[in-house]
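Trainee: Structure provided below as structure tokens; questions to follow.
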Amino acid sequence: MTTLHWGISPYHRERAHTALPGTDVSVCTRHLHDGQLVLDSLGPRRPVNLRICPECAVESLALLNPIPTPRPRTHAA
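Just so it is clear: in the sequence shown, position 60 is 77 by my numbering, and no numbers are missing.
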């Protein structure tokens with residue numbers, strides 16, 4: 018099971034972001050080669066009184082709840 022850590026960025030202190038364990042990069046920018054958002058104060062609990070980054074929320078849900086790849090449609094003979 019994938020777990021996530023919470024952190025904040027010096028550039029976006031009003032939002033709580035998520036990161037994969039062992040990294041300090043926000044989930045919302047982990048796929049970028051340039052411009053990744055590095056987080057501070059990483060921990061297992063969400064920082065209080067901060068809005069959750071919407072991009073991190075969507076990406077985190079996709080990581081934690083992957084959908085199976087659909088099977089190709091077959092034609093009935």
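C-beta: ideal position from N, C-alpha, C; glycine also. On a predicted model such as this, the values are computed, not experimentally measured, just so you know.
1) Where do the N-terminal and C-terminal ends of the beta strand (DSSP E) with L56 fall, by residue?
2) Is the region 69 to 88 in contact with the region 36 to 54, if contact means three or more CB pairs nearer than 8 Å?
3) Look up I84 in the DSSP assignment and give the residues it is bridged to.
4) Hey, is the region 85 to 92 in contact with the region 54 to 69, meaning 3+ C-beta pairs nearer than 8 Å?
5) Classify T35 as helix, strand or coil using the three-state DSSP reduction.
6) State the start and end residues of the unbroken beta strand (DSSP E) segment that holds H29.
7) Does DSSP classify V42 as helix, strand or coil?
Mentor: For this structure:
1) Where L56 is concerned, there is no enclosing beta strand (DSSP E), given that its DSSP letter is neither H nor E.
2) Yes, the region 69 to 88 is in contact with the region 36 to 54.
3) Answer by DSSP bridge pairing: none, since I84 is not bridged.
4) no
5) Reduced to three states, the DSSP call for T35 is strand.
6) That residue, H29, is in no beta strand (DSSP E); it is neither H nor E in DSSP.
7) strand
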